[in-house]
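Colleague: Structure provided below as structure tokens; questions to follow.
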Amino acid sequence: MISLTLALALRDAGLAWVPSPGDRFAVTRTEMIDDVFYLADMVIEARPLETGTLFAFNGTTEWALDSVPQSATVWLPDENQLRTALDDTFVSLRREDREFVVELADGSTHRDSDAENAYAAALLATLA
15 MISLTLALAL
25 RDAGLAWVPS
35 PGDRFAVTRT
45 EMIDDVFYLA
55 DMVIEARPLE
65 TGTLFAFNGT
75 TEWALDSVPQ
85 SATVWLPDEN
95 QLRTALDDTF
105 VSLRREDREF
115 VVELADGSTH
125 RDSDAENAYA
135 AALLATLA
């Protein structure tokens, strides 16, 4: 899974997120930052409002949370979503020793022991 640090950096660099069922996210409140949530129509529903998207927690009483604005969350994109965001800049993903290496069309490479983090680092470089 993508690291929270990279997810926050991607958000701050302007990566757009249109919430969809199955998306992973974290609530950026300190007491909840280590919890990962998944959007699902029956449990956590994205409700578009004029003031922004609201994530409604339906029936998840264990969190004692009714809703949270999207602005108080950070998207944790998965490998496929990161690769899609890279679009035509993505050339390849390969394994070298114990690292995953993402190569971009400009010839740059981005390495990490986790494939999603390697993709995220590559995407961050394209957004900079």
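When we follow this note's numbering, the leftmost residue of the sequence shown carries the number 15, and every step to the right adds one. Think of the CB as a built atom: it goes at the ideal place given N, C-alpha and C, for glycine as much as any other residue. The structure presented is a predicted model; accordingly, all values stated were derived computationally and were not measured.
In the DSSP assignment, find the alpha helix (DSSP H) that holds Leu100 and state where it starts and stops.
Modeller: Unbroken alpha helix (DSSP H) run through Leu100: 93-100.
Colleague: So what's Leu107 in DSSP terms, helix, strand or just coil?
Modeller: Leu107: strand per DSSP, three-state reduction.
Colleague: Any idea what DSSP makes of Ala60, helix, strand or coil?
Modeller: Ala60 falls in the strand class under three-state DSSP.
Colleague: Measure how close the beta-carbons of Phe51 and Val88 come, nearest whole angstrom, since I'm counting them as under 8 Å.
Modeller: With 8 Å as the limit, Phe51 and Val88 do not qualify as a contact, their Cβ atoms being about 11 Å apart.
Colleague: I'd like the list of long-range same chain contacts for Ile58, defined as Cβ closer than 8 Å, with 5 residues on each side in sequence excluded.
Modeller: Phe51, Tyr52, Phe69, Ala70, Phe71, Asn72, Thr74.
Colleague: Going by other Cβ atoms of all chains shown within 10 Å of its Cβ, with 16 needed for buried, is Ala142 buried or exposed?
Modeller: Burial call: exposed.
Colleague: On the premise that Leu118 lies in contact with Val105, defined as a C-beta separation below 8 Å, what is that separation, rounded to the nearest angstrom?
Modeller: Right, their Cβ atoms sit about 6 Å apart.
Colleague: Work out the CA separation of Ala139 and Pro83 for me, nearest whole Å.
Modeller: If I take the Cα positions, the gap works out to 28 Å.
Colleague: Buried or exposed, going by whether 16 or more other CB atoms sit within 10 Å of the CB of Glu130?
Modeller: By the 10 Å Cβ count, Glu130 comes out buried.
Colleague: Mind checking Ile47: buried by the 16 CB within 10 Å criterion, or exposed?
Modeller: Per the 10 Å Cβ criterion, exposed.
Colleague: What first and last residue would you give for the beta strand (DSSP E) that runs through Arg25?
Modeller: Counting along the chain, Arg25 falls outside any beta strand (DSSP E), though it belongs to the alpha helix (DSSP H) covering 18-26.
Colleague: For Gly36, tell me which candidate among Ala30, Ala54, Gly28 has the shortest Cα-Cα distance.
Modeller: The residue with the shortest Cα to Cα distance from Gly36 is Ala54.
Colleague: Let me know the secondary structure DSSP gives Ala9 once reduced to three states.
Modeller: Nothing can be reported for residue 9, as the shown portion of the chain is limited to 15 through 142.
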